[in-house]
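Residue numbers (the numbering used here), protein chains in the order written: chain D, 1251 to 1461; chain Y, 11 to 380.
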């Protein structure tokens, strides 16, 4: 039996559709069930529905064998897992955004509001820029408007929210998308379960590229 | 429950000590502290970079040791003839993997220093396998050779930074980002195709070896494969090859490790529980003669595994009456012990006691009762 951790919500639904098309279907998932652990009758697969930011933790500690998680969460958590495949959806960018017309004062530390302190720290350390991190949990766009920070580091999908708040992307840190991750021990003891899933998903991905 | 895990851990350590000593490995004991500079200069050798430090009365910055191998090599004699075999059981101090807090961890390990020939390598590998086996349950030993990946990157003429970038992605088995990085670094297609395959180059030994042979482009790589082949042949001959897997995505730090490297996993633990390899370069760094190979077993990673192994308080709960022939009871109880069973003998049945078998004395011998 393969334990798969899926992020609850929109991304999870999309991932489930993909997995089910690869033969990892689970009829209980399709009913409007509130349970968090769902297994198919054949005993081939069990889905765990967890908070998106917790997927990598479940996989790292072996509570799930594989999982699907955004690259942003993976980089922020720095979890010790294998990253096996780029699933090619949930595509967005990790960006630095600032009020339109913003000019940095290089003589003072840059104040950065973000949900991603680890990624932010690493990025600016690489540029030898001194910063002050303001860790927020949501509505990051509000910070520069109220003067709480100079810039923000956040994920940008279409840029609509930024535009509406009179912000613009000034630097792109890296591209983000959904990744298939696996527990290190599961790759040894459950290779016969993990490898077919990986192969099926890879086949789907190349199919998608050709189409 | 806690006590039982502790008892199992003690039992395991006792067995391992016996195993190492029976092959002539002598116990190496060390001081609790080392100068911090030792760890600062060899940061990339450590499992984690965080070190617990304090200032001694002379104003020197000291550290509670996060690692034992560095100390063994540092304090080893400069010159030696033949081979020196040591084992250790020490506490090391590291950041807990999940919380930002220092913890004391029991670690056991084996190091063989000096004239390391193929036999010495196979002996250490076999000890690693036997150590995993002693934990109980299913286990896997992943083996690789640093010379394979490093030889390939050397042939492609990559810089140290390029190598480090690619190594990080290969370790994560991150084939998609590895392909992007290779394209960005503008590596010649002949090498690019081969490097791209490293992330997925793992599996059963003979089959993976054949796939690897197709990638070999230099003497260093051929030599690495030769060593792996010889090791596999030897361990097959002694019937220990079933647990071996070959995984070229497993890469240790290039500035310390050359040659064979390996990592052990046991069923029930989500992380690496045993890690080791050939570290001749560390010996050179400390100006010591000879080569070295060794491994460490992380006992902290085994806590959960040992707790899960057979949740019985005893194998046999042996019930007798005080009116029974106690000499016969005594003899029967010790007969169980001689079979390797754990027995709890009592005249009153204890509450909340979990035994694999409950047996009652019938005047002659113990018979199973429901």
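Cβ coordinates follow ideal geometry from the N, Cα and C atoms, glycine included.
Same chain only: Cβ atoms within 6 Å of residue i, ignoring 5 sequence neighbours per side
i, result
"residue 1448(D)", "1334"
"residue 137(Y)", "120"
"residue 11(Y)", "Here the model assigns residue 11(Y) a pLDDT of 44, short of 50, so the residue's position is not dependable, and the following value carries that caveat. Nothing meets the Cβ criterion."
"residue 1348(D)", "1401, 1420"
"residue 1341(D)", "1427"
"residue 154(Y)", "257, 258, 260, 271"
"residue 1387(D)", "none"
"residue 18(Y)", "316"
"residue 190(Y)", "none"
Per DSSP, cross-strand counterpart(s) of residue i
i, result
"residue 116(Y)", "101(Y)"
"residue 1343(D)", "1406(D), 1425(D)"
"residue 1279(D)", "BP columns for residue 1279(D) are empty, so no partner."
"residue 1332(D)", "1432(D)"
"residue 95(Y)", "122(Y)"
"residue 6(Y)", "The question about residue 6(Y) has no answer here: the residues shown for chain Y are numbered 11 through 380."
"residue 172(Y)", "Answer is none; residue 172(Y) lacks a bridge partner."
"residue 255(Y)", "152(Y), 214(Y)"
"residue 64(Y)", "72(Y)"
"residue 285(Y)", "273(Y), 306(Y)"
"residue 268(Y)", "288(Y)"
"residue 1349(D)", "1417(D)"
"residue 1296(D)", "1253(D), 1289(D)"
"residue 1361(D)", "1382(D)"
Residue-chain proximity (residue i, chain D), Cβ-Cβ < 8 Å
i, result
"residue 76(Y)", "no"
"residue 52(Y)", "no"
"residue 172(Y)", "no"
"residue 216(Y)", "no"
"residue 46(Y)", "no"
"residue 148(Y)", "yes"
"residue 282(Y)", "yes"
"residue 255(Y)", "yes"
"residue 15(Y)", "no"
"residue 267(Y)", "no"
"residue 11(Y)", "With a pLDDT of only 44 at residue 11(Y), under the threshold of 50, the placement of this residue in the model should not be trusted, and no figure is reported."
"residue 98(Y)", "no"
"residue 58(Y)", "no"
"residue 285(Y)", "no"
"residue 154(Y)", "no"
"residue 8(Y)", "Lying before the first or after the last residue shown, residue 8(Y) is absent from chain Y, which here runs from 11 to 380."
"residue 277(Y)", "yes"
Residue i at chain Y interface by Cβ criterion, 8 Å
i, result
"residue 1443(D)", "no"
"residue 1335(D)", "yes"
"residue 1332(D)", "yes"
"residue 1312(D)", "yes"
Anticipated Cβ contact below 8 Å, residue i with residue j, distance rounded
i, j, result
"residue 230(Y)", "residue 157(Y)", "5 Å"
"residue 1305(D)", "residue 1433(D)", "Incorrect: roughly 12 Å between the Cβ atoms, too far for contact."
"residue 1359(D)", "residue 1380(D)", "4 Å"
"residue 142(Y)", "residue 284(Y)", "6 Å"
"residue 267(Y)", "residue 291(Y)", "7 Å"
"residue 306(Y)", "residue 289(Y)", "That belief does not hold up - the Cβ atoms of residue 306(Y) and residue 289(Y) are roughly 12 Å apart, past 8 Å."
"residue 210(Y)", "residue 255(Y)", "Not confirmed; about 13 Å, so no contact."
Same chain, Cβ closer than 8 Å to residue i, neighbours up to 5 away in sequence not counted
i, result
"residue 325(Y)", "346, 351, 352, 353, 365, 366, 367"
"residue 85(Y)", "40"
"residue 88(Y)", "297, 298, 299"
"residue 344(Y)", "none"
"residue 162(Y)", "201, 204, 205, 208, 225, 227, 228, 231"
"residue 1370(D)", "1362, 1364, 1381, 1383, 1403"
"residue 1294(D)", "1251, 1252, 1274"
Sequence-distant residues of the same chain with beta carbon closer than 7 Å to residue i, five excluded per side
i, result
"residue 239(Y)", "219"
"residue 66(Y)", "72"
"residue 1279(D)", "1266, 1288, 1297"
"residue 23(Y)", "99, 118"
"residue 304(Y)", "79, 119, 120, 121, 122, 134, 286"
"residue 1255(D)", "1298, 1300, 1305, 1308, 1309, 1314, 1317"
Interface positions of the segment 1371-1385 of chain D facing chain Y (Cβ-Cβ less than 8 Å), listed along the chain: Listed by position, the residues of the segment 1371-1385 of chain D near chain Y (Cβ gap below 8 Å) amount to none.
Positions along the segment 1417-1448 of chain D whose CB lies within less than 7 Å of some CB in chain Y: Close to chain Y, meaning a Cβ-Cβ distance shorter than 7 Å, are the following residues of the segment 1417-1448 of chain D: 1433, 1434, 1435, 1438, 1439.
Residues of the segment 161-185 of chain Y with Cβ closer than 8 Å to any Cβ of chain D, in chain order: 182, 183, 184, 185
Where the segment 303-314 of chain Y meets chain D: residues whose CB sits under 7 Å from a CB there: Listed in sequence order: no entries.
Near-chain D residues of the segment 236-248 of chain Y - C-beta to any C-beta below 9 Å: none
Against chain D: residues of the segment 127-147 of chain Y by CB proximity under 9 Å: none
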